[in-house]
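All residue numbers for the sequence shown refer to this note's numbering, where the first residue is -10 and numbers rise by one.
Shown next, in structure tokens, is the structure this report addresses.
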Amino acid sequence: MAPHKPIRPRLVIITGLLLLAVALPTGLMSYRYREHRTINVDHHLPGYAYAKLPTGLTHYALQGPRRGATAVLIHGTSIASWTFDDLSDTLHAQQYRTLRYDALGRGHSERPATPLSRQLLRDQLHQLLQALNITPPVILVGHSLGGALAVDFAVHHPNTVSSVVLIAPVVNHVTAGAPYLICGLPLVSRPFARISLIPALRKRNQAQWNAAHPAVDTAHYDKLFMMQASFIGFADAICSLFQGDAVTDYRDTYAQLGRTDIPVLLVWGDGDTSISRENITDALAHLPASQYIEMPGIGHAPHAESQESFNALLLDFLRQHPAPTAPEALGETGE
């Protein structure tokens, strides 16, 4: 038998250093995005409250003139209801009431053990409207994934909706990308989310506010993102969106909305690197009667990046398609 060759100390040292070079930043990243907070009904953001719904504990803000027409603002995949802070103030000044809420798994809302499916997210909004005694119909304003969810809600509850405003909406997120594939692997989905996906989403959050007007406190919104990421279950919730039908192909749903008489405004910026022009073309093909506005040089968040122009477009559309005002609702969280 040939004698074993001795292991060279230099090889051991080099191998150890390489492993350390990989493990150390990975460990630091995982620690930075560790989940250590639990949802507490006594710890909500200023102006917000909690609603205990069958689908889960929901963090919401119902504000503005109590007799105004209600606009429901639906956020996207990872930037929670605070994406609409400035827009809600604009709508209040124009005598609209707004309902902002954190979709399940995001913001300060509950992280449910059940998959975040279209139906669950649709039911959450329906239950919230009922719990707050909001008289339909309402205006739906959805950004990114929130746009697709607004389309889905309008199709299933057409009598509840007076008009739909879509801001860079998800249309057809094909399932071949890395988030879809890796989030579907049970043993690696959570570490992948903490090490790669959530940091990438944080950068998107930072980019949105960096592109907004100079008065925006970008550090404040970064703090809000990190706070939502610190709630136990956030990584699982983000991956859950990619594992089911929440972030997939909505073209059939757009086609169903296109067969209704619900007015639709679609706003998209040609600098958007998240939602492609092909996706918007698909959406418009299924919404032949919709009003389409393209904003040159604007990215994925027109409502934040070009507030003055976007607000003018939105208010003009709402004046063209006025929603009925409603009796005073329950659950007001402040003016």
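Yeah, the Cβ is synthetic: ideal placement off N, Cα and C, and Gly gets one too.
When secondary structure is reduced to three states using DSSP, Y243 falls in the helix class. Annotation note: the region 180 to 243 contains the following uninterrupted alpha helix (DSSP H) runs of length 4 or greater, listed N- to C-terminal: 187 to 199, 207 to 218 and 223 to 232. Within the region 136 to 168, the beta strand (DSSP E) runs of at least 3 residues that lie entirely inside it are, in chain order, 150 to 156. Judged by DSSP secondary structure, A38 falls within the beta strand (DSSP E) whose first and last residues are A38 to L42.
About 15 Å separates the beta carbons of R107 and A226, which is beyond the 8 Å limit, so they are not a contact pair. Ranking I68, L174, V154 and L170 by CA distance to the CA of D305 puts V154 first.
Each residue's CA atom was taken as its position, placing V160 and H132 some 12 Å apart. Between the region 73 to 87 and the region 292 to 306, the count of C-beta pairs closer than 8 Å reaches three or more; the two stretches touch.
Closest in C-alpha terms to G288, from the list Q119, I156 and L46, comes I156. In the DSSP assignment, W257 forms a beta bridge with E283. A check of alpha carbon separations from G96 across H32, E294 and A120 identifies H32 as the nearest. For A82, no beta strand (DSSP E) encloses it; the enclosing alpha helix (DSSP H) starts and ends at D74 to A82. By the neighbour-count criterion, in which a residue is buried when 16 or more other Cβ atoms sit within 10 angstroms of its Cβ, H162 is buried. Nearest Cα to Y210 within the set R26, I68, T87 and F231: I68. With respect to Y22, R183 sits close: the two C-beta atoms are nearer than 9 Å. Straight across, the Cα-Cα distance linking V127 with Q245 is about 19 Å. Using a Cβ distance threshold of 9 Å, I251 and V150 count as a contacting pair.
In the DSSP assignment, A60 falls within the beta strand (DSSP E) that extends over T59 to I63.
A distance below 9 Å separates the beta carbons of T322 and L51.
Shortest Cα-Cα distance from G135 to any of I221, Q309, L255 and A120 involves L255. Secondary structure of I128 (DSSP, three-state): strand. According to the DSSP assignment, A274 belongs to no beta strand (DSSP E) but to the alpha helix (DSSP H) extending over R266 to H275. It is roughly 29 Å from the alpha-carbon of V253 to the alpha-carbon of N199.
Under the DSSP definition of a beta bridge, L88 partners with L51 and V61. It is roughly 23 Å from the alpha-carbon of L307 to the alpha-carbon of T242. Excluding sequence positions up to five before and after P54, its CB lies within less than 6 Å of the CB of Q84 and R86, all in the same chain and listed in chain order. If you draw a 10 Å sphere on the C-beta of I221, you find fewer than 16 other C-beta atoms in it, and that means exposed.
Approximately 13 Å separates the beta-carbon atoms of Y39 and S70; this is outside 8 Å, ruling out the contact.
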